[in-house]
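Per the UniProt record's numbering, residue 1 is the first one in the sequence shown, and the count goes up by one each step. Note that the Cβ used here is the ideal one computed from N, Cα and C, for glycine as well. In this text, all values refer to a predicted model and were calculated from it rather than measured experimentally. A short worksheet on the structure shown next.
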Amino acid sequence: MSESNTPSNRDGAPTEDVLGGPQGDSTRKDPEEWVTGDEPMTGAQRSYLDTLAREAGEQLPGDLTKAEASEHIDRLQAASDRTG
């Protein structure tokens, strides 16, 4: 019996939906597709965004949604030395 790290279905054929496979980054989802994206930003987002905005010399509204905050964080990280 040979062992394989590739998951298979009942017929022994490899499955396409695997975790840890070479399918790309499934942890990154467009903020516009988030189910909770229209909820207020989290405390952690607010704190980190406040730091990034101050470092960039920007002011942002304090009533951002989770999705909007995430987009600003990504933008400000890309413009700075921070990577997350």
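Please classify residue i: is it buried, with 16 or more other beta-carbons within 10 angstroms of its beta-carbon, or exposed?
i: residue 68; result: buried
i: residue 23; result: Any reading at residue 23 needs caution, since the residue's pLDDT is 49, under 50, leaving its predicted position unreliable; the model's value is listed next. By the 10 Å Cβ count, residue 23 comes out exposed.
i: residue 80; result: exposed
i: residue 50; result: exposed
i: residue 1; result: Caution applies to residue 1, whose pLDDT of 48 falls short of 50 and renders its modelled position unreliable; the value that the coordinates give is listed next. When all chains shown are included, residue 1 counts as exposed.
i: residue 78; result: exposed
Verify whether the separation of the beta carbon atoms of residue i and residue j is less than 7 Å.
i: residue 33; j: residue 66; result: no
i: residue 64; j: residue 41; result: yes
For residue i, which option in the options has the closest C-alpha, if you only look at C-alpha atoms?
i: residue 74; options: 53, 62, 57 and 61; result: 53
i: residue 47; options: 57, 37, 62 and 35; result: 62
Got a sec: does the ligand GDP put a non-hydrogen atom nearer than 6 Å to the Cβ of residue i?
i: residue 50; result: Of ligands this structure carries none, so the ligand GDP is not represented either.
Tell me the residue span of the alpha helix (DSSP H) that contains residue i.
i: residue 76; result: 66 to 78
i: residue 55; result: 43 to 56
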